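Q: Protein chains in written order, with the working numbering: chain A, 30 to 142; chain B, 4 to 119.
Ideal Cβ placement from N, Cα and C applies to all residues, glycine included.
Small disclaimer: the values here were computed from a predicted structure and weren't measured.
Before I ask anything, let me first share the structure, which is written out below as structure tokens.
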Amino acid sequence: EPEVTQTPSHQVTQMGQEVILRCVPISNHLYFYWYRQILGQKVEFLVSFYNNEISEKSEIFDDQFSVERPDGSNFTLKIRSTKLEDSAMYFCASSGGDKETQYFGPGTRLLVL
Amino acid sequence: AQKVTQAQTEISVVEKEDVTLDCVYETRDTTYYLFWYKQPPSGELVFLIRRNSFDEQNEISGRYSWNFQKSTSSFNFTITASQVVDSAVYFCALSEADTGGFKTIFGAGTRLFVKA
């Protein structure tokens, strides 16, 4: 069964460093998303992406964040200068023709020291 | 504005008991979608069900059943004859059709402990 994959599964970085989180959505999907979950809290929407542009973003998704689909398969989230409060699990999701249902990847656990 | 409320923070049951997880939502849209996701201790989010706002028919899938009531803006989830493997955090979520990006808003989650 096709699934969303994410790399790395865990990443530790120093405050101020740039990180890139990678996702490979389900191959025929057209809508892509990033969410984050701070430990013990709820899942929060960051951004949605369709047709090579951002279709919606939350107030969390400030200028430190960017997304890109550099090729036909990858979807990346970049955090330019990480802060301690960026420590969280980051989930990528994708949806297809049935765009209302989003399928989530296993997440990348980011720890900023 | 969208909002999803899961008033139960934690529920603890003994195996084989039935348990109902509550979810209340707020939306101004007439077309919207409701979801339940399971997050086991390993951390991934597992899609369980989607319900469209125009379809109030309740659904049963094995030991799982869902009760959607527009009149009370609720979408409750019942596990019958719970098992230890059901122990997880369960999230109710809402997506509005008018939002082109189809962002999904999650509730705070209900942590379910099923004891043997």
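Which residue comes first and which comes last in the beta strand (DSSP E) that contains B:R53?
A: One-based indexing of the second sequence puts residue 53 of chain B at position 50. Note, B:R53: beta strand (DSSP E), V49 to N55.
Q: What's the C-alpha gap between A:F133 and B:L51?
A: What you label residue 133 of chain A is simply residue 104 of the first sequence in a count that begins at 1. What you label residue 51 of chain B is simply residue 48 of the second sequence in a count that begins at 1. Roughly 12 Å between the two C-alpha positions.
Q: Starting from the beta carbon of B:Y28, find every residue of chain A whose beta carbon is closer than 8 Å, and list them in chain order.
A: For the purposes of this step, residue 28 of chain B is taken as residue 25 along the second sequence, with counting starting at 1. In chain order: nothing, as chain A lies at least about 14 Å away.
Q: Ignoring anything shorter than 4 residues or poking outside the stretch 60 to 140 of chain A, list the alpha helix (DSSP H) runs there in chain order.
A: If we require 4 residues or more, the stretch 60 to 140 of chain A turns out to have no alpha helix (DSSP H) run fully inside it.
Q: Using CA atoms only, rank isn't needed, just tell me which of A:L75, A:E73 and A:T42 is closest to A:L140.
A: One-based indexing of the first sequence puts residue 140 of chain A at position 111. Nearest of A:L75, A:E73 and A:T42 to A:L140, Cα basis: A:T42.
Q: Out of B:V92, B:F105, B:K106 and B:S98, which has the shortest C-alpha to C-alpha gap to A:Q70?
A: Within the first sequence, residue 70 of chain A is the residue found at index 41, counting from 1. The shortest Cα separation from A:Q70 among B:V92, B:F105, B:K106 and B:S98 belongs to B:V92.
Q: What does the alpha-carbon distance come out to for the pair B:I82 and B:F109?
A: Walking along the second sequence from the start, residue 82 of chain B turns up at place 79. Walking along the second sequence from the start, residue 109 of chain B turns up at place 106. Taking the straight line joining both Cα atoms gives about 20 Å.
Q: Go to B:F105, then tell me how far its beta strand (DSSP E) extends in each direction, as first and last residue.
A: The count along the second sequence starts at 1 and reaches residue 105 of chain B at position 102. Counting along the chain, B:F105 falls outside any beta strand (DSSP E), and DSSP gives it neither H nor E.
Q: With a cut-off of 8 Å, do at least 3 Cβ pairs link the stretch 16 to 28 of chain B to the stretch 64 to 80 of chain B?
A: These segments touch.
Q: Looking at the strands, I want to know which residues DSSP matches up with B:E62.
A: If you number the second sequence from 1, residue 62 of chain B lands on position 59. In DSSP, B:E62 forms a bridge with B:W69.
Q: May I ask which residues mark the beginning and end of the beta strand (DSSP E) holding A:I55?
A: On the first sequence, residue 55 of chain A is found 26 positions in, with the first residue counted as 1. It is not in any beta strand (DSSP E) - A:I55 carries neither H nor E in the DSSP assignment.
Q: When you compare the stretch 94 to 101 of chain B with the stretch 34 to 53 of chain B, are there three or more beta-carbon pairs, one atom per stretch, that lie closer than 8 Å?
A: Judged by Cβ distances under 8 Å, the stretch 94 to 101 of chain B makes contact with the stretch 34 to 53 of chain B, as three or more pairs qualify.
Q: Just tell me which of A:T130, A:E30, A:A122 and A:H39 has its CA closest to the CA of B:S45.
A: To locate residue 45 of chain B, count along the second sequence from 1; it is residue 42. Taking only the C-alpha atoms, the option nearest B:S45 is A:H39.
Q: Answer with yes or no whether the minimum CB distance from A:P135 to chain B is below 8 Å.
A: In the first sequence, the residue the question calls residue 135 of chain A occupies position 106. For A:P135, the answer is yes, since a Cβ of chain B falls inside 8 Å of its Cβ.
Q: Just tell me which of A:E73, A:L59 and A:H58 has its CA closest to the CA of A:R65.
A: What you label residue 65 of chain A is simply residue 36 of the first sequence in a count that begins at 1. When each option's Cα is compared against that of A:R65, the closest is A:E73.
Q: At a Cβ threshold of 8 Å, is B:K106 touching chain A?
A: Mapped onto the second sequence, residue 106 of chain B falls at position 103. B:K106 counts as touching chain A.
Q: Just mark A:F90 as buried or exposed, buried being the case when its beta carbon has 16 or more other beta carbons within 10 Å.
A: As a working note, residue 90 of chain A is residue 61 in the first sequence. With 16 or more other Cβ atoms within 10 Å, it is buried.
Q: Sorted by chain position, which residues of the same chain lie with C-beta nearer than 6 Å to B:N70's C-beta, five sequence neighbours on each side aside?
A: The residue you call residue 70 of chain B lines up with position 67 of the second sequence. These residues qualify, in order along the chain: N61 and N79.
Q: With a CB to CB cut of under 7 Å and the five nearest residues on each side skipped, what residues in its chain are close to A:N57?
A: As a first step, residue 57 of chain A is located in the first sequence; it is residue number 28 there, counting from the start. Counting only Cβ-Cβ distances below 7 Å, and skipping sequence neighbours, we find G125.
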